[in-house]
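Here's the structure, in C-alpha cells; my notes come after.
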Amino acid sequence: MKKVLVVLLALVMVFSLVACGGGGSDTDTDAAISKIILITDKGNIDDKSFNQGAWEGVVAFATENEIEHEYIKPEEASDAGYLAAIALAVEAGADVIVTPGFLFEVPIYEAQTLYPNVKFVLLDGAPHTADYSDGTIAENVASVFYAEEESGYLAGYAAVKDGFTKIGFMGGMAVPAVQAFGYGYLQGAEAAAVELGVDVSAVYHYTGNFEENDTNKATAKAMYEGGTELIFACGGSVGKSVMSAAAEAGAKVIGVDVDQRYDSETVITSATKGLGASVQAVLQSIMDGSFDTYAGTSTYFNAANDGVGLPTVVLDGSSDNAFDRFATFTAEDYDAVFATLVDGTVDPIRTIDIASADGYATADELVNGLALTKVAVEVR
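Numbering of the sequence shown is given in numbering that gives the first Met the number 0, commencing with residue 0 and proceeding in unit increments.
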C-alpha cells in the first residue's frame, strides 16, 4: 500500500510540473494561460493610441480571468531590441506575448521558432524575414490586421457631411496601416462630397515619425493657418502635436486608433480599431482551446465584425451622445454609412500603385488611384 501511495504521489508531482510549466516548457496544454506580457513598440504604454489600446485589452482580459500580466518597454527600438525584450518576457514566465505594431514583424519571425511553446499575438503585422523572402506564420502566432481603410472612410465621410471642405491628413510613417487610413479618409471625403455636390481640398502629409514634437506641431499650425479646418492625425503621439496646434488655432482634429475625445476638446471623433476587443478575442481563443481559429494565419477585423469604426459611446459619462462634437452629423447618419461597409455596398481601396519606394504617394497617384473627382489633393 505504501508503495502505491509513493507512486501516486510521484505521478501527481510530475503532472503538476507539466501543468505549471512556463513559456519555455514542453507543455501541450492549449487552454491555459499563466502569464501575459505585452511589449510596447517605440511608443509608451500611455500613448493614447496603439500601445495603450492593446494594453487595455490585455488588462481587461487578464483581470477578468485572474491572470498575471505586465508590460515591457524595450530598451532599444530595433529588431535586436525587440528580440531582447521577447527573451526577457519568456524568462519572466510569459506563455502569451502581445506585440502591437508592424515593427515586430521581423522579431516575431525569429521568436516564433526560438520559443515554439509561447503564443504570440502580433497586431498590425505578419512575421517575415528582413528581406521579405519568407513570410511563414507559425502555428504559435496569431497575426491580426485591421481594415483601416474602412475606419478612415468613416472619418472622412463624417467630416465632409458635417460641413468641413478644407481637410488635412497628418500620418506618421508611410507604412501600410497608416497609408490605408489616409486612403480611406480621402475616399470617404469623396463620397460625401459627391452626395452634397461640394468641392473639397485636402492637404496630405507624412511626418516620418510617430512623435510629439515641435516640428509636427509647427506643421499642423502651418496647415491650420493656411485654411485647413480639420486634420486627421494618424500617427500615434503625432496627434498630441496636432491637438496642441488645433487648440491654439480654434480648429478641429480627428483622432486615431482609440477614442481620443478625452484628450482634447478639439477632437470631434476618432477613426478607431478594435484593439482591445481583438486582443481579448484571441486571448479567449487560447483559453477556450480554439487558438487554431487565429493561429498560423492573418485575420482581419473590419466593420462586419466590429473591428473598426467611429466611437458610438462616451465612456466617461460626460455626454450620452458620442456625436455631440459634430454640427450636423448624427448617430443615424453614422449607422447608415456604417451599414454600407458591413454589407459590402462600399468597399474602400486599401492600396494603390506608388512609384516611390518610400511609400509616399504623389497628388496625382492619390487622385487617380482613389478615383477622386471632388477632392483636390495637395501633398506636402
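Each residue gets a CB set at the ideal place from its N, CA and C atoms; glycine is no exception.
Secondary structure of Lys-272 (DSSP, three-state): strand.
Looking at the DSSP output, Ile-166 sits in a beta bridge with Ala-201 and Leu-229.
Close CB contacts of Thr-327 within its chain, under the 7 Å cut and outside five residues either way in sequence, are with Asp-161 and Gly-162 (chain order). Contact between Ser-277 and Gly-306 is confirmed by a C-beta separation of about 6 Å, below the 8 Å threshold. Excluding residues up to 5 positions away in sequence, Val-105 and Pro-106 lie with their Cβ nearer than 6 Å to the Cβ of Asp-78 in the same chain.
For Asp-198 and Glu-228, the gap between their C-alpha atoms comes out near 14 Å. Here the stretch 90-102 makes no contact with the stretch 312-323; the two share fewer than three CB pairs at distances below 8 Å. Under the three-state reduction of DSSP output, Thr-296 falls in the strand class. The bridge partners DSSP lists for Phe-144 are Tyr-299.
Taking 4 residues as the minimum length, the alpha helix (DSSP H) runs contained wholly in the stretch 77-103 are 78-90, in order along the chain. Non-local C-beta neighbours of Glu-210 in its own chain, meaning closer than 7 Å and more than five positions away in sequence, comprise Ser-236 and Val-237, ordered along the chain. Residue pairing by DSSP puts Val-374 in a beta bridge opposite Val-199.
Take the alpha-carbon of Glu-74 and the one of Gly-80: they are about 6 Å apart.
Annotation for Trp-54: Leu-37, Ile-44 and Tyr-70 place their beta carbon closer than 7 Å to its own, counting only its chain and skipping 5 residues before and after.
In the structure shown, the three-state DSSP call for Glu-224 is helix.
Annotation: Val-120 is outside any alpha helix (DSSP H); the continuous beta strand (DSSP E) that includes it extends over 118-122.
Here the C-alpha atom of Thr-218 lies approximately 10 Å from the C-alpha atom of Tyr-205.
Here the stretch 117-137 lies against the stretch 292-310, with 3 or more beta-carbon pairs under 8 Å apart. With fewer than 16 other beta carbons inside 10 angstroms of its own, Glu-264 counts as exposed.
Below 8 Å, too few C-beta pairs join the stretch 328-339 and the stretch 163-179 to call them touching: fewer than three. Going by beta carbons, Gly-155 and Gln-178 fall outside the 8 Å limit.
With a cutoff of 8 Å on beta-carbon distance, Ser-240 and Asn-215 are scored as near each other. When the five nearest sequence neighbours on each side are left out, the beta carbons in the same chain lying within less than 7 Å of the beta carbon of Phe-322 are those of Phe-328, Thr-329, Ala-330 and Tyr-333, in order along the chain. Between Ala-303 and Val-341, the gap from beta carbon to beta carbon is short of 8 Å.
By the CB criterion at 8 Å, Lys-220 and Ala-244 fall inside the cutoff. For the options Tyr-152, Ile-348 and Glu-138, the alpha carbon positioned closest to that of Ile-285 is the one of Glu-138. DSSP, read as helix, strand or coil, puts Ile-32 in coil.
Comparing alpha carbon positions, the residue from Ile-230, Arg-260 and Tyr-223 closest to Ala-188 is Ile-230. With contacts defined by Cβ atoms closer than 8 Å, Ile-35 and Val-97 form a contacting pair. Distance from the CA of Tyr-223 to the CA of Ile-85, rounded to the nearest whole angstrom, comes to 42 Å. In this structure, DSSP gives Asp-256 an extended state, which the three-state scheme calls strand. Taking Tyr-114 as reference, the option from Val-140, Ile-267 and Leu-369 with the minimal CA-CA separation is Val-140. Residue nearest to Val-374 within the set Tyr-145, Glu-194, Asp-287 and Ser-142 is Glu-194 (criterion: CA-CA distance). When secondary structure is reduced to three states using DSSP, Leu-153 falls in the helix class. Membership of Glu-364 in the alpha helix (DSSP H) is indicated by the continuous run 362-368. Ranked by Cα distance from Glu-65, the options Ile-32, Phe-49, Ser-200 and Thr-39 are led by Ile-32.
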